[in-house]
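Participant: Keeping their order, the protein sequence lines are chains A and B. The numbering of the first sequence is this note's numbering, which starts it at 1 and goes up by one. The numbering of the second sequence is this note's numbering, which starts it at 1001 and goes up by one. Glycine included, C-beta positions come from ideal geometry on N, C-alpha and C.
2 protein chains.
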Amino acid sequence: MSVLVERMTLAGVGLIGGSLALAARKARLVREVVGFGRTRANLDVALQRGLIDRIAADEAAAADADLIVLATPVATCARLAERFRAHARPTTVLTDVGSVKGSLVAELEAAWPDPRRVVGAHPIAGNERAGAAAAEADLFRGRLCIVTPTPRTDPAAATLVRALWEGVGARVETMTPETHDAILARVSHLPHLVAYALVTAVAGRDEDGRTLLDYAGSGFVDTTRIAASPAEVWRDIALGNRPALGAALAEFRAALDALERAMASGDAAALERMLAAAAQVRQRLGAKS
Amino acid sequence: MSVLVERMTLAGVGLIGGSLALAARKARLVREVVGFGRTRANLDVALQRGLIDRIAADEAAAADADLIVLATPVATCARLAERFRAHARPTTVLTDVGSVKGSLVAELEAAWPDPRRVVGAHPIAGNERAGAAAAEADLFRGRLCIVTPTPRTDPAAATLVRALWEGVGARVETMTPETHDAILARVSHLPHLVAYALVTAVAGRDEDGRTLLDYAGSGFVDTTRIAASPAEVWRDIALGNRPALGAALAEFRAALDALERAMASGDAAALERMLAAAAQVRQRLGAKS
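Right under this line is the structure:
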């Protein structure tokens, strides 16, 4: 593939941003990557590993960038856009990798000189590792990346962002920010909150002098794996997707209540019917990730 | 180790029962294993794989057994004990492998000619596979097995059951049936109900014409893995451990409500504090299984 971007400024050189930079450089989609971030030690790792070409110390990181990628926690993105705007060209495209799109894309459009050049994106990939040291060129290969243009978005800007993600091996799908948020609230944000709540409910408790967590088997461990995710990231996602996540929580509570009612009333047939329906769906889902 | 049991009757030759038989035979703890079960094809597999020495077609399976192991869904155990009692010796020890102990052990004590010879046990091991074909001799190696004698239990009977589980490599711990149920309600039964409810909440729904489950990533997949477990087994466990599971559900709801309150009120600091506390606990738990 030919070069898409002469200069890309990457704010936040962690697992997602660093992997994108590494993959884009390997595929020769990007001529130069300028790295910007909070922690000098992490940027040094990124430079040593060849994720970025150079480190920028301040908002001049945005100078002469064709594309700026915000790969920081969601709540930081709009503030970064404000800092970068004075240094960007009129045509610079601004994108992000956040797990929330509706509120974030609206904030970025409001913050950017030309809102037509803002394109939200969300690669659905990652693992529990963090930082530039965890970046992998193949992280997005075969994984889904959702791109969320709005009625204001310049089609050429959306095409550039799509091409970047396709170039690093992702399957790209386009939908509105609102549809993205409604879907992700159910299949991602809800399971995260539930996993955090499960750990919270069990943590620190004992029974007859025995620490409950000493008895956690593989079921508990799997069900709560995502509760090891960074609190700061999930705080921002929960706050950024409140209405859809609130609706998802209500749906989840209704399902749990129905199971508990069948159990409490001793309705074995209803309980088995509900469990069997869920088990069948989950078995079809398999072990895909 | 020397032979502990001349003849063991195994009712239910699935993953747990079959693995116990295979491991006990390999370790020469048992001279003869008689298999009993619902499905002839599964018993044939067990015979071919050498899990059992012979198949018994009816309750005479219990004849001359030193030890009867009930490894069927929990709700079936008491009925089986009733069927076997006329054929058992006065000294035959009756044990089980159920995930619920309080109500089940009480039922077995009531059903057995000599309640002192009843010893509840629960090996905390397993995977999503099922049937004699899934049995593995090493399934219990290094895993916990909880043995739950009551004030009525004959110490010699409890020692026999402990020795069997230690002989197949399990770490054996003794506690009351009530303590077992309180602990397992939190670390096992609750996560199962939550996982089933998560799948139920998402299954069959779509958003803007898109099937939600098509967007499930590794987080959803891990969090719901145990919802693929057999409905019949978990119906019985939920019904058999109602009071403790009800209490566990209340604790979980309180934790989830607190997270949602912080989210709904936009209290970023409280939300991050709760998520961070859970993440720290979960990180310490690691990937153990």
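When DSSP labels each residue in this structure, what does A/ARG284 get in the three-state scheme?
Facilitator: Along the first sequence, one-based indexing puts residue 284 of chain A at 284. DSSP places A/ARG284 in helix when its eight states are reduced to three.
Participant: Short check: CB of B/GLU1272 to CB of A/ALA201, under 8 Å?
Facilitator: Looking up residue 1272 of chain B in the second sequence gives position 272. Looking up residue 201 of chain A in the first sequence gives position 201. Contact flag unset, no.
Participant: Decide if A/GLU207 is buried, meaning its Cβ has at least 16 other Cβ atoms within 10 Å, or exposed.
Facilitator: Taking the first residue of the first sequence as position 1, residue 207 of chain A is located at position 207. So A/GLU207 ends up on the buried side.
Participant: Using 8 Å as the limit for Cβ to Cβ distance, is A/PHE140 near chain B?
Facilitator: For the purposes of this step, residue 140 of chain A is taken as the residue at position 140 of the first sequence. False, the Cβ-Cβ gap to chain B never drops below 8 Å.
Participant: Going along the chain, which residues of its own chain have a beta-carbon closer than 6 Å to the beta-carbon of A/GLY98, five neighbours each way excluded?
Facilitator: Residue 98 of chain A sits at position 98 when you count from the first residue of the first sequence. The residues are VAL74 and LEU104.
Participant: Please determine if the stretch 218-234 of chain A and the stretch 186-204 of chain A are in contact, where contact requires at least 3 C-beta pairs separated by less than 8 Å.
Facilitator: Result yes; three or more Cβ-Cβ pairs closer than 8 Å.
Participant: Closer than 7 Å by C-beta to B/TRP1112: which residues in its own chain qualify, once you throw out the five before and the five after it? Chain order, please.
Facilitator: Taking the first residue of the second sequence as position 1, residue 1112 of chain B is located at position 112. Cβ within range, chain order: ALA1081, ARG1085, LEU1094 and VAL1118.
Participant: Consider the Cβ of A/ASP222: report whether some Cβ of chain B lies at a distance smaller than 8 Å.
Facilitator: On the first sequence, position 222 is the one that residue 222 of chain A refers to. So yes, A/ASP222 belongs to the interface.
Participant: Between the alpha carbons of B/THR1153 and B/LEU1004, how many angstroms are there, rounded?
Facilitator: Locating residue 1153 of chain B in the second sequence gives position 153, counting from the first residue. Locating residue 1004 of chain B in the second sequence gives position 4, counting from the first residue. C-alpha separation (whole angstroms): 19 Å.
Participant: Which first and last residues belong to the alpha helix (DSSP H) in which B/ALA1027 is found?
Facilitator: Counting from 1 along the second sequence, the entry for residue 1027 of chain B is found at position 27. Taken as a continuous stretch (DSSP letters only), B/ALA1027 belongs to no alpha helix (DSSP H), as it is neither H nor E.
Participant: Can you tell me where the alpha helix (DSSP H) holding B/ARG1162 begins and where it ends?
Facilitator: Position 162 of the second sequence, counted from the start, is the residue given in the question as residue 1162 of chain B. Run containing B/ARG1162: 1155-1167, per the alpha helix (DSSP H) assignment.
Participant: Where does A/ASP214 fall in DSSP's three states?
Facilitator: For the purposes of this step, residue 214 of chain A is taken as the residue at position 214 of the first sequence. Three-state result, A/ASP214: helix.
Participant: At 8 Å on the CB atoms, spell out the chain A contacts of B/ILE1124, in chain order.
Facilitator: Taking the second sequence and counting its residues from 1, the one referred to as residue 1124 of chain B is at position 124. In chain order: TYR215 and GLY217.
Participant: Look at the Cβ atom of B/VAL1069, then the Cβ atom of B/GLY1017, and state whether they are nearer than 8 Å.
Facilitator: Position 69 of the second sequence, counted from the first residue, corresponds to residue 1069 of chain B. Position 17 of the second sequence, counted from the first residue, corresponds to residue 1017 of chain B. Contact: yes.
Participant: Using a Cβ-Cβ cutoff of less than 7 Å, which residues in the same chain neighbour B/VAL1168 once the five nearest sequence positions on both sides are dropped?
Facilitator: For the purposes of this step, residue 1168 of chain B is identified with residue 168 of the second sequence, where counting begins at 1. Once the five neighbours on either side are set aside, the close Cβ partners of B/VAL1168 are LEU1020, ALA1023, ALA1024, ALA1027 and PHE1140.
Participant: If we ignore side chains and look at the alpha-carbon of each, how far apart do B/SER1289 and B/ILE1124 end up?
Facilitator: Along the second sequence, one-based indexing puts residue 1289 of chain B at 289. Along the second sequence, one-based indexing puts residue 1124 of chain B at 124. Because the pLDDT at B/SER1289 is just 45, under 50, the model does not fix this residue reliably, and the point stays unresolved.
Participant: At least one CB of chain A closer than 8 Å to the CB of B/ALA1227: is that the case?
Facilitator: Residue numbering aside, residue 1227 of chain B sits at position 227 when the second sequence is read from its first letter. Yes - at least one Cβ of chain A is within 8 Å of the one on B/ALA1227.
Participant: Given this structure, state the Cα-to-Cα distance separating B/LEU1190 from B/LEU1249, to the nearest angstrom.
Facilitator: Taking the second sequence and counting its residues from 1, one reaches residue 1190 of chain B at position 190. Taking the second sequence and counting its residues from 1, one reaches residue 1249 of chain B at position 249. B/LEU1190 and B/LEU1249: Cα-Cα distance of roughly 7 Å.
Participant: When the Cα of B/ALA1071 is compared with those of B/LEU1047, B/ALA1135, B/ALA1041 and B/ALA1110, which residue comes out closest?
Facilitator: Within the second sequence, numbered from 1, the residue matching residue 1071 of chain B stands at position 71. The shortest C-alpha separation from B/ALA1071 is found at B/ALA1135.
Participant: Pull the bridge partners of B/PRO1123 from the DSSP assignment, please.
Facilitator: Numbered from 1 along the second sequence, position 123 holds the residue referred to as residue 1123 of chain B. Paired residues: B/CYS1145.
Participant: Closest to B/SER1002 by CA distance: which of B/ALA1247, B/ASP1053 and B/ARG1031 is it?
Facilitator: On the second sequence, residue 1002 of chain B is found 2 positions in, with the first residue counted as 1. The shortest C-alpha separation from B/SER1002 is found at B/ARG1031.
Participant: Taking a contact to mean a Cβ-Cβ separation below 8 Å, would you say A/SER188 touches B/GLY1209 in this structure?
Facilitator: Numbered from 1 along the first sequence, position 188 holds the residue referred to as residue 188 of chain A. Numbered from 1 along the second sequence, position 209 holds the residue referred to as residue 1209 of chain B. Against a cut-off of 8 Å, the Cβ pair of B/GLY1209 and A/SER188 comes out as no contact.
Participant: Can you tell me which residues form a DSSP beta bridge with B/GLU1082?
Facilitator: Here the question's residue 1082 of chain B lines up with position 82 in the second sequence. B/GLU1082 is not bridged to any residue.
Participant: When the cut-off is 8 Å and only beta carbons count, does B/GLU1006 lie next to chain A?
Facilitator: Residue mapping note: residue 1006 of chain B aligns to position 6 of the second sequence, counting from 1. Cβ-Cβ to chain A under 8 Å: no for B/GLU1006.
Participant: Output, in sequence order along the chain, the residues in the stretch 1010-1038 of chain B whose CB is closer than 8 Å to any CB in chain A.
Facilitator: From the stretch 1010-1038 of chain B, no residue has a Cβ closer than 8 Å to chain A.
Participant: Just how far apart, CA to CA, sit A/GLU6 and A/ASP64?
Facilitator: Numbered from 1 along the first sequence, position 6 holds the residue referred to as residue 6 of chain A. Numbered from 1 along the first sequence, position 64 holds the residue referred to as residue 64 of chain A. About 9 Å.
Participant: Starting from B/LEU1271, find everything on chain A with Cβ-Cβ shorter than 8 Å and list it in chain order.
Facilitator: As a working mapping, residue 1271 of chain B is identified with position 271 in the second sequence. Simply ARG235, ALA238 and LEU239.
Participant: Return the residue from the list A/TRP234, A/ALA276 and A/GLY286 that minimises the CA-CA distance to B/ALA1262.
Facilitator: Within the second sequence, numbered from 1, the residue matching residue 1262 of chain B stands at position 262. Nearest of A/TRP234, A/ALA276 and A/GLY286 to B/ALA1262, Cα basis: A/TRP234.
Participant: How long is the line joining the alpha carbons of A/ALA182 and B/ARG1040, rounded to whole angstroms?
Facilitator: Translated into the one-based positions of the first sequence, residue 182 of chain A becomes position 182. Translated into the one-based positions of the second sequence, residue 1040 of chain B becomes position 40. If I take the Cα positions, the gap works out to 48 Å.
Participant: For A/MET292, report the span of its beta strand (DSSP E) as first-last.
Facilitator: In the structure displayed, chain A extends from 1 to 289; residue 292 of chain A sits before or after that span and is not available.
Participant: Considering only heavy atoms of the ligand ATP, does any lie closer than 7 Å to the CB of B/GLY1204?
Facilitator: Summarising the ligand content, the structure contains no ligands, and the ligand ATP is consequently not present.
Participant: Of all the CB atoms in chain A, is at least one closer than 8 Å to the CB of B/LEU1080?
Facilitator: As a working note, residue 1080 of chain B is residue 80 in the second sequence. Output row for B/LEU1080: interface = no.
Participant: Candidates A/THR9, A/ARG89 and A/VAL221: which alpha carbon is nearest A/ARG54's?
Facilitator: The count along the first sequence starts at 1 and reaches residue 54 of chain A at position 54. Nearest option by C-alpha distance: A/THR9.
Participant: Between B/GLU1107 and B/PRO1115, how many whole angstroms is the CB-CB distance? I'm expecting something under 8 Å.
Facilitator: The residue labelled residue 1107 of chain B in the question sits at position 107 within the second sequence. The residue labelled residue 1115 of chain B in the question sits at position 115 within the second sequence. Actually they are not in contact, since the Cβ atoms of B/GLU1107 and B/PRO1115 sit about 11 Å apart, beyond 8 Å.
Participant: Which residue wins for smallest C-alpha separation from B/ARG1038, given the options B/ARG1089, B/THR1092, B/GLY1131 and B/LEU1051?
Facilitator: In the second sequence, the residue the question calls residue 1038 of chain B occupies position 38. When only C-alpha atoms are compared, the closest one is B/GLY1131.
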